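In this text, residue positions in the sequence shown follow my numbering: the first is 22, and each later residue adds one.
We treat Cβ as the ideally placed atom computed from N, Cα and C, and that holds for glycine.
These figures come from a predicted structure and were not determined experimentally.
Notes to accompany the following structure.
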Amino acid sequence: MSSDNNKKIKAEKDMNVDETFLDQTLRPSRWDEYIGQKHIKDNLKILLGAAEERGHIPEHILFYGPPGLGKTTLAHLIAKETGRQMKVTSGPAIEKVGDLASILTNLSPGDIIFIDEIHRLNKMIEEVLYPAMESGVLDIIIGKGPSARTIQLDLPPFTLIAATTRVASISSPLRSRFSGGVFRLEFYSDKEIIEILRRSSKLLQAELQEEALAEVAKRSRFTPRTANYFLKRVRDYAQVHKKSLDKDTVKKALDMLAVDDIGLNASDRKFLEVLIDKFGGGPVGLKTIGAALSEEEATVEEVIEPYLIQLGLLERTARGRVATNKAYEHLGFDIKESKQDKLI
22 MSSDNNKKIK
32 AEKDMNVDET
42 FLDQTLRPSR
52 WDEYIGQKHI
62 KDNLKILLGA
72 AEERGHIPEH
82 ILFYGPPGLG
92 KTTLAHLIAK
102 ETGRQMKVTS
112 GPAIEKVGDL
122 ASILTNLSPG
132 DIIFIDEIHR
142 LNKMIEEVLY
152 PAMESGVLDI
162 IIGKGPSART
172 IQLDLPPFTL
182 IAATTRVASI
192 SSPLRSRFSG
202 GVFRLEFYSD
212 KEIIEILRRS
222 SKLLQAELQE
232 EALAEVAKRS
242 RFTPRTANYF
252 LKRVRDYAQV
262 HKKSLDKDTV
272 KKALDMLAVD
282 DIGLNASDRK
292 FLEVLIDKFG
302 GGPVGLKTIG
312 AALSEEEATV
322 EEVIEPYLIQ
332 LGLLERTARG
342 RVATNKAYEH
352 LGFDIKESKQ
362 DKLI
């Protein structure tokens with residue numbers, strides 16, 4: 022292999038490392054860098070401060086809310102603020118009781134274990150987790166039938182921090198064992214998103230003009246993860262086309278991603294267009310519109326509809342989905358009859 026090829030491969034590796042490093046640095050490392058969710062931060066500061074003064078480990082904590090709002094970031098912040106080691110895993114990764122036992126028995130006193138998407142834990146594993154959280158012991162059954170016996174292992178004191186996007190899927194006994202608190206993360210305001218983008222743009226060395234920041238923020242679906250993703254794509258577009266980081270560049274970059282001025286993507290607009298054009302604006306059932314879109318019902322209900330409902334473009338009624346007047350206006354359709362007439 023030639024030296025030129027070696028240099029090219031090394032440069033590509035360096036670029037990948039740099040990009041990964043930048044993604045990690047976008048995550049806040051101190052409380053004052055974490056923007057938004059003030060009520061949660063205030064509660065956590067009291068919880069962690071009180072535990073430190075008593076010389077105890079923090080109690081178990083559960084975060085829930087839509088994706089991209091900062092649940093994992095809060096877990097990492099707690100570990101950094103308390104100076105503790107954190108082991109990271111996820112619900113689907115813990116397939117057997119032995120997997121959980123291996124993780125828990127290898128913890129050091131005071132460690133934090135973070136379980137993402139905890140609602141996807143196997144129910145048998147949940148049963149083993151209850152006494153571990155409550156009493157600090159691990160009950161393991163060895164053998165089967167009449168010869169089976171139970172072994173109880175003492176665990177080092179630990180803090181479980183869990184995150185989920187579907188809190189209703191977590192069993193009530195498991196939820197009740199998060200004695201430190203169950204916290205819901207709320208969507209961010211445009212002002213908070215602008216603050217997050219301003220910080221991220223400095224870290225990416227791609228500082229946007231104020232109007233450009235506002236333009237990205239209003240299309241970001243009130244979600245920091247989406248805002249940072251758009252910021253990186255705007256940076257890429259400006260770099261390739263040798264453009265300044267202004268409002269016009271933001272519009273052109275996000276138009277290429279098929280994201281309109283209120284944050285709707287191609288799937289969102291197709292949903293509303295099918296609902297209005299094929300079904301007269303509704304009401305129409307979930308199965309019917311899912312079939313018309315060639316999308317799974319879960320995708321329609323959990324991915325597409327929530328943001329449309331939040332913007333007031335869609336209503337869920339007893340008879341089905343109904344497009345609002347605001348949806349007609351946004352897509353440029355004529356409002357032929359009021360939605361109230363449709364529901365009578």
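Which ranges does the alpha helix (DSSP H) cover as unbroken runs of at least 4 residues, wholly within the segment 209-237, from first to last along the chain? 211-224
Taking its Cβ as the centre, do 16 or more other Cβ atoms sit within 10 Å of I297, making it buried, or is it exposed? Position 276 of the sequence shown, counting from 1, holds the residue named residue 297. Looking at its Cβ environment, which holds 16 or more other Cβ atoms inside 10 Å, I297 is buried.
Give every residue of the same chain whose Cβ lies closer than 6 angstroms to the Cβ of L195, excluding the five residues on either side of it in the sequence, and list them in chain order. In the sequence shown, the residue the question calls residue 195 occupies position 174. Excluding positions up to five away in sequence, the list reads E147.
Can you list, in chain order, the residues of its chain with a C-beta nearer than 7 angstroms to that of I217? Leave out the 5 residues immediately preceding and following it. For the purposes of this step, residue 217 is taken as the residue at position 196 of the sequence shown. Result list for I217: I56, P245 and A248, in chain order.
Alpha-carbon to alpha-carbon, A184 and L142: Against the sequence shown, residue 142 aligns to sequence position 121. Against the sequence shown, residue 184 aligns to sequence position 163. Cα-Cα distance, rounded: 12 angstroms.
Decide if T320 is buried, meaning its Cβ has at least 16 other Cβ atoms within 10 Å, or exposed. To locate residue 320, count along the sequence shown from 1; it is residue 299. Exposed.
Taking the straight line between their C-alpha atoms, what separation do you get for Y151 and G131? Against the sequence shown, residue 151 aligns to sequence position 130. Against the sequence shown, residue 131 aligns to sequence position 110. Taking the straight line from one Cα to the other gives about 18 angstroms.
Give a yes or no on contact between the segment 325-340 and the segment 281-289, applying the rule of three or more CB pairs nearer than 8 angstroms. Segments in contact, yes.
I365 to S190 span [Cα, whole Å]: Numbered from 1 along the sequence shown, position 344 holds the residue referred to as residue 365. Numbered from 1 along the sequence shown, position 169 holds the residue referred to as residue 190. Because the pLDDT of I365 is 46, which lies under 50, any placement of that residue in the model is unreliable, and the question is left without a value.
Pairing CB atoms from the segment 301-312 with CB atoms from the segment 262-276, are three or more of them under 8 angstroms? no
Could you name each continuous beta strand (DSSP E) segment of 3 residues or more that falls completely within the segment 71-133, going from the start of the chain to the end? 82-85 and 107-111
Proximal residues to P304 (C-beta, below 6 angstroms), its chain only, five neighbours per side dropped: Position 283 of the sequence shown, counted from the first residue, corresponds to residue 304. The answer, listed in chain order, is T338, R340, G341 and V343.
Tell me which same chain residues have a C-beta within less than 8 angstroms of the C-beta of L68, skipping the five on either side of it? Taking the sequence shown and counting its residues from 1, the one referred to as residue 68 is at position 47. So the list reads P79, E80, I82, G201 and G202, once near-sequence residues are dropped.
Pick from S315, G302 and E323: whose alpha carbon is nearest that of T345? Against the sequence shown, residue 345 aligns to sequence position 324. Ranking the options by Cα distance to T345, first place goes to G302.
Among E322, K291, S221 and L159, the one whose alpha carbon lies nearest that of H351: Here residue 351 refers to the residue found at position 330 of the sequence shown. For H351, the nearest C-alpha among the options comes from K291.
If you run the structure through DSSP and keep just helix, strand and coil, what is A367? Residue 367 lies beyond the range of the chain shown here (22 to 365); nothing can be said about it.
Could you check how far apart the C-beta atoms of S210 and L252 are, in whole angstroms? I think they sit under 8 angstroms. The residue labelled residue 210 in the question sits at position 189 within the sequence shown. The residue labelled residue 252 in the question sits at position 231 within the sequence shown. Taking the Cβ atoms as the reference, S210 lies roughly 17 angstroms from L252, outside the contact range of under 8 angstroms.
T126 versus P177 - alpha carbon distance: Residue 126 sits at position 105 when you count from the first residue of the sequence shown. Residue 177 sits at position 156 when you count from the first residue of the sequence shown. Between T126 and P177, the C-alpha separation is close to 8 angstroms.
Just the C-alpha distance for K268 and H97, rounded to the nearest angstrom, thanks. Within the sequence shown, the letter at position 247 stands for residue 268. Within the sequence shown, the letter at position 76 stands for residue 97. Answer to the nearest angstrom: the Cα atoms are 34 angstroms apart.
Own chain partners of A238 with C-beta closer than 7 angstroms, once the 5 adjacent residues on each side are dropped: Counting from one through the sequence shown, the residue named residue 238 turns up at place 217. So the qualifying residues of the chain are D211, I214, I215, L218 and A248.
Grouping DSSP H, G and I as helix and E and B as strand, with all else coil, what is F251? Walking along the sequence shown from the start, residue 251 turns up at place 230. Reduced to three states, the DSSP call for F251 is helix.
Cβ distance (whole Å) where F179 is taken to contact L95 below 8 angstroms: Taking the first residue of the sequence shown as 1, we reach residue 179 at position 158. Taking the first residue of the sequence shown as 1, we reach residue 95 at position 74. The distance from the Cβ of F179 to that of L95 is about 18 angstroms, inconsistent with a contact at the 8 angstroms cut-off.
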